[in-house]
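The next block holds one structure in the form of structure tokens; read it before the comments.
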Amino acid sequence: MSKSDPIVNRVAQSALVVFDLEDYYPENPILELDLADFLDQGFVLREKEFRKALEDFNWEVYNNGLVRVHCSTDAIIPIWAKALLSSYLNAECMHFVFGSKTALMSSYYSNILIGIKFEEYRDKSVILKGCSKKEVPESAYIHAMGKLQEVAKKIMYGEACSAVPLYKRK
Numbered sequence: 001m002s003k004s005d006p007i008v009n010r011v012a013q014s015a016l017v018v019f020d021l022e023d024y025y026p027e028n029p030i031l032e033l034d035l036a037d038f039l040d041q042g043f044v045l046r047e048k049e050f051r052k053a054l055e056d057f058n059w060e061v062y063n064n065g066l067v068r069v070h071c072s073t074d075a076i077i078p079i080w081a082k083a084l085l086s087s088y089l090n091a092e093c094m095h096f097v098f099g100s101k102t103a104l105m106s107s108y109y110s111n112i113l114i115g116i117k118f119e120e121y122r123d124k125s126v127i128l129k130g131c132s133k134k135e136v137p138e139s140a141y142i143h144a145m146g147k148l149q150e151v152a153k154k155i156m157y158g159e160a161c162s163a164v165p166l167y168k169r170k
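By this note's numbering, the letter at position 70 of the sequence shown is numbered 70, and the numbering carries on one by one without gaps.
In structure tokens, the structure reads:
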């Protein structure tokens, strides 16, 4: 290569298509709700008081948010109480789960990935972009891999400059 030859970006010229899970990361606030706040001394669920506390609570704080519901104490929460709480959250938030932040994000991504039309990746070489700057759960990569494998010709993980081959259709 001589000094007069232009530098060619072969990565940019390749037929690789990038599928980046960060593109689907929620812009909505990620919030949490502690059930202990609705219990007597954080442990005892008294039905009448529980219903009143839910009724009086300002649910607008969860408007369009992703909500992780948990209990910071070892209280036993019956299913009907979770179902009742769900009736309030369903009206306000975008998505919620009972569990960890990882469970929330896994559930969120699962719902998002179900709605994506993967047909645009048919017969293409796809890079499932890694090296996330945001907290994308592992389950999202696994789910995306399954969806891409149905349509893509070839799938790699990482970046165009250093991709790890994962799948090649025979």
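A virtual CB, placed ideally from N, CA and C, is assigned to each residue, including glycine. On a predicted model such as this, the values are computed, not experimentally measured, just so you know.
State the start and end residues of the unbroken alpha helix (DSSP H) segment that holds residue 87.
To locate residue 87, count along the sequence shown from 1; it is residue 87. Going by DSSP, residue 87 is part of the alpha helix (DSSP H) stretching over 79-92.
For the stretch 15-86, list the beta strand (DSSP E) runs that are entirely contained and at least 3 residues long, ordered along the chain.
Here the runs fully enclosed are 16-19, 30-34, 66-70.
Which partner residues does residue 98 have in the DSSP bridge list?
As a first step, residue 98 is located in the sequence shown; it is residue number 98 there, counting from the start. Partner(s): 69.
Could you tell me which residues DSSP puts in a beta bridge with residue 159?
Reading the sequence shown from its first residue, position 159 is the one you call residue 159. Note: residue 159 sits in a beta bridge opposite 162.
Near residue 16, what residues of its chain come up, given a Cβ to Cβ distance below 7 Å and the 5 sequence neighbours on each side ignored?
Numbered from its first residue, the sequence shown carries residue 16 at position 16. Cβ within range, chain order: 125, 127, 160.
Starting from residue 125, follow the beta strand (DSSP E) in both directions and report where the run begins and ends.
On the sequence shown, position 125 is the one that residue 125 refers to. If you look at residue 125, you'll find it in the beta strand (DSSP E) that goes 125-129.
Suppose you measure from the CA of residue 110 to the CA of residue 38; what does that come to, to the nearest Å?
On the sequence shown, position 110 is the one that residue 110 refers to. On the sequence shown, position 38 is the one that residue 38 refers to. Cα to Cα, residue 110 sits roughly 30 Å from residue 38.
Please classify residue 133: does DSSP put it in a helix, a strand, or coil?
The count along the sequence shown starts at 1 and reaches residue 133 at position 133. The answer is coil: DSSP assigns residue 133 none of H, G, I, E or B.
On the criterion of 16 or more Cβ atoms from any shown chain inside 10 Å, does residue 48 qualify as buried, or is it exposed?
On the sequence shown, position 48 is the one that residue 48 refers to. Answer is exposed; the Cβ neighbour count stays below 16.
Residue 106: buried (16+ other C-beta within 10 angstroms of its C-beta) or exposed?
Start at 1 with the first residue of the sequence shown, and residue 106 comes out as number 106. Under this definition residue 106 is a buried residue.
Secondary structure at residue 170, three-state DSSP: helix, strand or coil?
As a position in the sequence shown, residue 170 is number 170, starting the count at 1. For residue 170, the secondary structure class from DSSP, reduced to helix, strand or coil, is coil.
When DSSP labels each residue in this structure, what does residue 117 get in the three-state scheme?
The residue labelled residue 117 in the question sits at position 117 within the sequence shown. DSSP places residue 117 in the coil class of the three-state scheme, outside both helix and strand.
Between the Cα of residue 75 and those of 95, 42, 84, spot the shortest distance and give me the residue it belongs to.
The residue given as residue 75 occupies position 75 in the sequence shown. Nearest C-alpha to residue 75: 42.
Less than 8 Å separating the beta-carbons of residue 70 and residue 35?
The count along the sequence shown starts at 1 and reaches residue 70 at position 70. The count along the sequence shown starts at 1 and reaches residue 35 at position 35. Contact flag set, yes.
Taking only the alpha-carbon atoms, compute the straight-line gap between residue 87 and residue 119 and give it to the nearest angstrom.
Here residue 87 is taken as the residue at index 87 of the sequence shown, counted from 1. Here residue 119 is taken as the residue at index 119 of the sequence shown, counted from 1. Distance from the CA of residue 87 to the CA of residue 119, rounded to the nearest whole angstrom, comes to 36 Å.
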